[in-house]
Amino acid sequence: MLRVKKLLDTLDGPTYRASVRAHATIHHGADFTKSGMEGIIVRRVIPSDNSCLFNAVGYVMDNDRNKAPELRQVIAATVASDPVKYNEAFLGKPNEEYCAWILDSEKWGGAIELSILADYYGCEIAAYDIQTTRCDLYGQDGKYSQRVMLIYDGLHYDALALSPFEEAPEEFDQTIFVVQKDRTIGPAEGLALNLVREQQRKRSYTDTANFTLRCGVCQIGVVGQKEAVEHAQATGHVNFQEYR
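FYI, our numbering numbers position 73 of the sequence shown as 80, with every residue one higher than the one before it.
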């Protein structure tokens, strides 16, 4: 835990915390919603490298697709700093074990990590699920004044951005939006939902309850995420390929 202790000392420093708070007030790109300009919501692809959640957050918050190592450290330090809140029942594993687990670049993130990152940045994170079109909103209890958006296909997270037109360079992306009095982000919210619905119509998602996987080690076939997890726990095999 020495590594996590050093992270705690750094992340608790006043200079570091002040820089995060200052950053959270910055919009990336032109604010089309205030200027009255029309725009479209676009999906910015994040590499599929087991760290897509962290790098998607890095893109919408910092315009950086390589934030995973830093954000994994932030999460580990946050969890280690409050073992009462982040207990085994909450994490699904002991606090110290979780901290080592999340620092592994092969491990995926999910709801716990998004919740921590929302509070870390002081910004709501909206994660749209393509299969159900449901929006899971993290950080809403904090009544934060800004929001960013991600899209999830069952296995992978990408970033959502407001762009002036389809092929506009990413430098024009707006990724941080003001939360209005009605707790929406105005027209951008409807545009995002339209994109998610269109992706659903195209079946651009993986049904993790029913997809078929083959173990790359012993070639046994399994159905759904539950069976894959059970097989991995029983054998230690974690290399699966989807097949139809």
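Backbone N, C-alpha and C fix where the C-beta goes; we use that ideal spot for every residue, glycine too.
Quick caveat: nothing in here was measured; it's all calculated off a predicted structure.
The beta-carbon distance between Q207 and I137, rounded to whole angstroms, is 5 Å. This is short enough to meet the 8 Å contact definition.
Listed in chain order, the non-local C-beta contacts of Y164 below 6 Å within the same chain comprise C59, L60, A63 and L157, local neighbours out to five positions each way being set aside. For V155, the enclosing beta strand (DSSP E) starts and ends at Q153 to Y159. Residues T219 of the same chain have their beta carbon placed closer than 6 Å to that of V230, with the five preceding and five following residues left out of the count. Classified as exposed, A241 has fewer than 16 neighbouring CB atoms from the shown chains inside 10 Å of its CB. DSSP assignment within the region 91 to 147 yields the following whole alpha helix (DSSP H) runs of 4 residues or more, N-terminal first: 95 to 98, 102 to 109 and 118 to 128. In this structure, the beta-carbon distance from L144 to I48 does not fall below 8 Å. Note on geometry: alpha-carbon atoms of I227 and E234 lie some 11 Å from one another. Annotated three-state conformation of D165 is strand, per DSSP. By alpha-carbon distance to R141, the top candidate from N201, A175 and S170 is N201. When secondary structure is reduced to three states using DSSP, C225 falls in the coil class, being assigned neither helix nor strand. With a threshold of 16 other beta carbon atoms within 10 Å, F172 falls short and is exposed.
Under the Cβ criterion (8 Å, minimum of three pairs), the region 76 to 87 counts as touching the region 116 to 134.
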